[in-house]
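Everything below concerns the one structure shown next.
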Amino acid sequence: MNYFEGLDPTLVDWVLIPALIFFARICDVTLGTLRIVFVSKGNKTVAPILGFLEVLIWLVAITQVMENLSNVASYLAWAGGFAMGNFLGLRVEQKLALGQMVVRVITVEPADELIRILTEHGYRLTCIDARGARGKVNLLFLIVKRKKLQHVLDIIRSYNPQAFYSVEDVRSVADVDLPQAEQERQVSLRRFFPLRKGK
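Residue numbers for the sequence shown, in full-length UniProt numbering: 1 to 199.
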């Protein structure tokens with residue numbers, strides 16, 4: 001079926017078909033980027049769904065390219081959509097901020113005030129007395145949700161600006177470290193959506 005029947009051929013070849021290819025590529029590459037993120041997080045539910053939609057949209061785009069091999073605009077639309085899809089995929093992933101992060105903090109100065117502030121905000125941590133090149137240091141370990149990472153870093157910079165810290169991605173943890181308010185929200189949700197154990 002020709003969906004563009006009756007329209008100006010020039011308009012179809014140089015505007016409508018390239019636009020369809022461009023936006024289809026944006027969608028499928030964005031979904032592909034997110035799928036990779038969910039696969040890396042071990043999500044077995046969302047990743048296959050995104051993969052199905054990604055390939056379906058890709059087939060729509062490649063079909064239009066194969067039917068218009070002599071049209072340079074189709075190639076440009078394909079490449080442009082791929083580039084824009086990567087950009088949007090990364091932007092969406094940053095907004096979602098999925099997963100947990102481990103934060104390691106090394107302080108030369110006493111970390112009592114920093115520990116107190118982090119604890120007051122509901123973050124659990126482990127503090128270890130260690131020794132660095134210049135003497136005794138405190139080594140702090142925290143595991144926080146990625147959405148809360150910036151909040152933790154702001155606290156570190158405010159209360160111990162000389163501290164050295166590093167951040168790494170964590171695939172899974174035994175217990176997610178959440179501020180108390182968020183823990184209470186999760187408990188209230190579980191009242192309505194209790195977890196079912198497999199038989």
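Glycine included, C-beta positions come from ideal geometry on N, C-alpha and C.
Source: prediction; values computed, not measured.
Rounded distance between the beta-carbons of residue j and residue i, thought under 8 Å
i	j	result
R146	A97	4 Å
Y159	I117	5 Å
Q100	I143	6 Å
N86	T119	That belief does not hold up - the Cβ atoms of N86 and T119 are roughly 40 Å apart, past 8 Å.
A77	P18	4 Å
V167	L149	7 Å
T30	L88	5 Å
Helix, strand or coil at residue i [DSSP, three-state]
i	result
V173	coil
L178	Confidence at L178 is low in this model, with a pLDDT of 49, below 50, so the placement of that residue is unreliable and no value is reported for it.
K147	helix
P194	For P194, the pLDDT reaches just 48, beneath the cut-off of 50, and the residue's location in the model is therefore unreliable, although a value from the coordinates is still provided. It is coil, neither helix nor strand.
L140	strand
Exposure of residue i, with buried meaning 16 or more beta-carbon neighbours within 10 Å
i	result
V12	buried
V35	With the sequence shown as reference, residue 35 is identified as Arg, and Val is not the correct amino acid for it. So R35 ends up on the buried side.
K44	exposed
L20	buried
K95	exposed
residue 251	Only positions 1 to 199 of the chain appear in this structure, which leaves residue 251 out of reach.
F38	buried
F22	buried
So, do the segment 95-105 and the segment 51-69 have three or more beta carbon pairs nearer to each other than 8 Å? Look at the beta carbons and you see the segment 95-105 not touching the segment 51-69: under three pairs across the two are nearer than 8 Å.
Could you tell me which uninterrupted beta strand (DSSP E) segments, each at least 3 residues in length, are contained entirely in the segment 59-136, listed from first to last along the chain? 100-107 and 125-132, all fully within the segment 59-136.
Fully enclosed by the segment 5-48, which alpha helix (DSSP H) runs are 4 residues long or longer? Given a length threshold of 4 residues, each whole run of the alpha helix (DSSP H) inside the segment 5-48 is given here in chain order: 17-40.
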